[in-house]
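Enquirer: Residue numbers (full-length UniProt numbering): 1 to 368. All C-beta atoms, glycine included, are put in the ideal place defined by N, C-alpha and C.
#1: With a CB to CB cut of under 6 Å and the five nearest residues on each side skipped, what residues in its chain are close to residue 161?
#2: Take the Cβ of residue 68 as the centre, count every other Cβ of all protein chains shown within 10 Å, and call the residue buried at 16 or more, exposed below.
#3: Mind listing, in chain order, the continuous beta strand (DSSP E) runs of no fewer than 3 residues lying wholly within the region 273–305?
#4: Specify the secondary structure class of residue 209 as computed by DSSP and reduced to three states.
#5: Would you check if there are 3 or more beta carbon pairs closer than 8 Å linking the region 40–54 to the region 76–93?
#6: Based on the DSSP secondary-structure assignment, which residues constitute the bridge partners of residue 37?
#7: Go through the region 216–249 residue by residue and report every complete run of the beta strand (DSSP E) that reaches 3 residues or more, in order.
#8: Identify every run of the alpha helix (DSSP H) within the region 315–363, keeping only runs that are complete inside it and at least 4 residues long; order them along the chain.
#9: With which residues is residue 269 paired in a DSSP beta bridge?
#10: Please classify residue 94: does DSSP put it in a helix, a strand, or coil?
#11: Using CA coordinates, which residue listed in 117, 282, 2 is at the minimum distance from residue 14?
#12: Once the 5 residues before and after residue 151 are set aside, which same chain residues still bring their CB inside 6 Å of it?
#13: Excluding the 5 residues flanking residue 170 on each side, which residues of the same chain have their C-beta closer than 7 Å to its C-beta?
#14: On the CB-based measure, 16 or more other CB atoms within 10 Å of its CB, does residue 141 come out buried or exposed?
#15: Throw me the rounded Cβ distance for the residue 76 and residue 299 pair, which I believe falls under 8 Å.
#16: Can you give me the start and stop residues for the alpha helix (DSSP H) that residue 177 sits inside?
#17: Taking the straight line between their C-alpha atoms, what separation do you get for residue 358 and residue 342?
#18: Quick check on this structure: which residue in 156, 103, 241, 352 has the alpha carbon closest to the alpha carbon of residue 176?
#19: Report all residues from its chain with a CB closer than 8 Å to the CB of residue 59; omit the five preceding and five following residues, and keep chain order.
#20: Taking the alpha carbon of residue 270 as the point to measure from, which residue in 256, 254, 287, 255 has its own alpha carbon closest?
#21: Checking 9 Å against the spacing of the C-beta atoms, do residue 321 and residue 43 come in under that value?
#22: Within 10 angstroms of the Cβ of residue 72, are there 16 or more other Cβ atoms? Answer buried if so, exposed if not.
#23: Can the beta-carbon of residue 132 be found closer than 9 Å to that of residue 274?
#24: Tell me where the beta strand (DSSP E) around residue 23 begins and ends.
#25: Work out the CA separation of residue 126 and residue 228 for me, nearest whole Å.
#26: In terms of residue numbering, what span does the alpha helix (DSSP H) encompassing residue 144 cover?
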């Protein structure tokens with residue numbers, strides 16, 4: 001077995017990773033500085049907490065799409081993900097959740113692991129839909145309870161300014177659901193109150209939320225001033241590199257997501273995003289009116305983009321792996337250490353992906 005520069009909690013180790021039955025048993029080698037050799041990098045597998053689709057398929061299509069989506073994203077180093085829904089009628093959301101819940105119980109060979117669901121809507125502000133279809137409505141606990149019975153919902157995006165949502169944020173966060181502030185016209189004060197009630201992150205920071213102004217700080221101001229966690233799309237299209245730097249200085253555990261659509265890993269053309277038809281062109285995905293509608297970003301490109309704007313490779317990796325795992329409370333993912341799942345990616349010195357492993361399985365992604 002060849003040697004790698006292995007990124008561990010103790011630093012870089014020049015050596016070998018040994019795994020059995022899907023788990024890491026030991027890492028052999030010595031601390032090193034990768035600048036002193038030309039070996040490949042071995043990093044924790046990427047964890048994407050905001051995935052709408054990929055490979056021409058959309059999560060809202062249900063079971064027939066899941067295999068394609070998970071096998072598409074694993075080709076780009078995503079070893080686990082959250083299946084992310086769109087705002088839709090309750091019966092449609094219920095159908096998709098039931099199918100995702102069943103899919104989560106397994107991991108088909110050659111696929112990324114689906115850790116659960118990110119319910120992005122319908123509990124959002126209809127005045128800040130972004131690319132979400134117009135089926136937004138106020139959250140009711142009975143409806144959420146029904147959804148929770150269908151699938152492991154890990155994250156719910158919610159607009160905190162809507163009457164009654166403060167109580168829901170508190171009740172659900174007490175049960176371990178990560179409540180994220182997003183698709184919101186809320187004020188700074190409403191954002192801070194939501195954090196005090198138990199909200200724990202922000203959905204695609206800067207996008208689809210009230211912006212920062214020096215006399216009206218908005219939801220962006222609440223995030224920059226008070227958040228420990230927030231997700232951000234580093235495709236360099238949704239957020240300017242300068243604004244990414246602001247967030248990096250302000251939010252200790254800022255983590256990155258793709259917000260990827262069916263267009264990810266596909267050529268330019270038209271694709272489905274929930275009930276919308278979107279167009280991939282010029283490196284982005286848009287509605288007919290020009291509104292950004294998710295992305296075509298993949299996690300390996302997210303890593304390269306973060307390094308491009310000046311992050312050390314170890315920190316870029318942390319924001320794509322460890323911090324998302326920490327946010328969900330998953331101590332056996334997002335890090336390379338004994339006892340953790342053997343989820344890892346190997347990259348050459350130009351940061352091109354050359355190998356992917358999920359739970360000890362070598363993924364034949366080049367022939368996928």
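Expert: The relevant details are as follows:
#1: Translated into positions along the chain shown, residue 161 becomes position 161. 186, 190.
#2: In the chain shown, residue 68 corresponds to position 68, counting from 1. With a 10 Å radius around the Cβ and a threshold of 16 neighbouring Cβ atoms, residue 68 comes out buried.
#3: Every beta strand (DSSP E) stretch that sits fully inside the region 273–305 and reaches 3 residues is listed by chain position as 276–281, 284–286.
#4: Residue mapping note: residue 209 aligns to position 209 of the chain shown, counting from 1. Of the three classes helix, strand and coil, the one that applies to residue 209 here is strand, per DSSP.
#5: yes
#6: Counted from its first residue, the chain shown places residue 37 at position 37. Looking at the DSSP assignment, residue 37 forms no beta bridge with any residue, so it has no partner.
#7: Counting whole runs of 3 or more residues, the region 216–249 contains the beta strand (DSSP E) stretches 229–232.
#8: 322–328
#9: Residue mapping note: residue 269 aligns to position 269 of the chain shown, counting from 1. Answer is 280.
#10: As a first step, residue 94 must be located in the chain shown, where it is residue number 94. Reduced to three states, the DSSP call for residue 94 is helix.
#11: Along the chain shown, read from residue 1 onward, the residue named residue 14 stands at position 14. It is 2.
#12: Indexing the chain shown from 1 puts residue 151 at position 151. Hits under 6 Å: 97, 100, 101, 117.
#13: Counting from one through the chain shown, the residue named residue 170 turns up at place 170. Correct list, in chain order: 197, 198.
#14: For the purposes of this step, residue 141 is taken as the residue at position 141 of the chain shown. The residue is exposed, with fewer than 16 neighbouring Cβ atoms inside 10 Å.
#15: Locating residue 76 in the chain shown gives position 76, where the first residue counts as 1. Locating residue 299 in the chain shown gives position 299, where the first residue counts as 1. So it is a contact: roughly 6 Å between Cβ atoms.
#16: Residue numbering aside, residue 177 sits at position 177 when the chain shown is read from its first letter. Taken as a continuous stretch (DSSP letters only), residue 177 belongs to no alpha helix (DSSP H), as it is neither H nor E.
#17: Locating residue 358 in the chain shown gives position 358, counting from the first residue. Locating residue 342 in the chain shown gives position 342, counting from the first residue. Taking the straight line from one Cα to the other gives about 6 Å.
#18: In the chain shown, the residue the question calls residue 176 occupies position 176. Comparing alpha-carbon positions, the option among 156, 103, 241, 352 lying closest to residue 176 turns out to be 156.
#19: Residue mapping note: residue 59 aligns to position 59 of the chain shown, counting from 1. For residue 59, where only same-chain residues beyond five positions count, the Cβ hits under 8 Å are 51, 52, 53, 65, 66, 69, 83, 84, 85, 86, 96, 100.
#20: Taking the first residue of the chain shown as position 1, residue 270 is located at position 270. That would be 287, whose Cα lies nearest to the Cα of residue 270.
#21: For this step, residue 321 is matched to residue 321 along the chain shown. For this step, residue 43 is matched to residue 43 along the chain shown. In this structure, residue 43 lies closer than 9 Å to residue 321 by Cβ.
#22: Translated into the one-based positions of the chain shown, residue 72 becomes position 72. Flag for residue 72 reads buried.
#23: Start at 1 with the first residue of the chain shown, and residue 132 comes out as number 132. Start at 1 with the first residue of the chain shown, and residue 274 comes out as number 274. Taking 9 Å as the cut-off, the beta carbon of residue 132 is found closer than this to the beta carbon of residue 274.
#24: The residue you call residue 23 lines up with position 23 of the chain shown. Per DSSP, residue 23 belongs to the beta strand (DSSP E) from 23–31.
#25: Position 228 of the chain shown holds residue 228. Position 126 of the chain shown holds residue 126. So the alpha carbons of these two residues sit roughly 27 Å apart.
#26: The sequence position of residue 144 within the chain shown is 144, counting from 1. 141–148 is the extent of the alpha helix (DSSP H) around residue 144.
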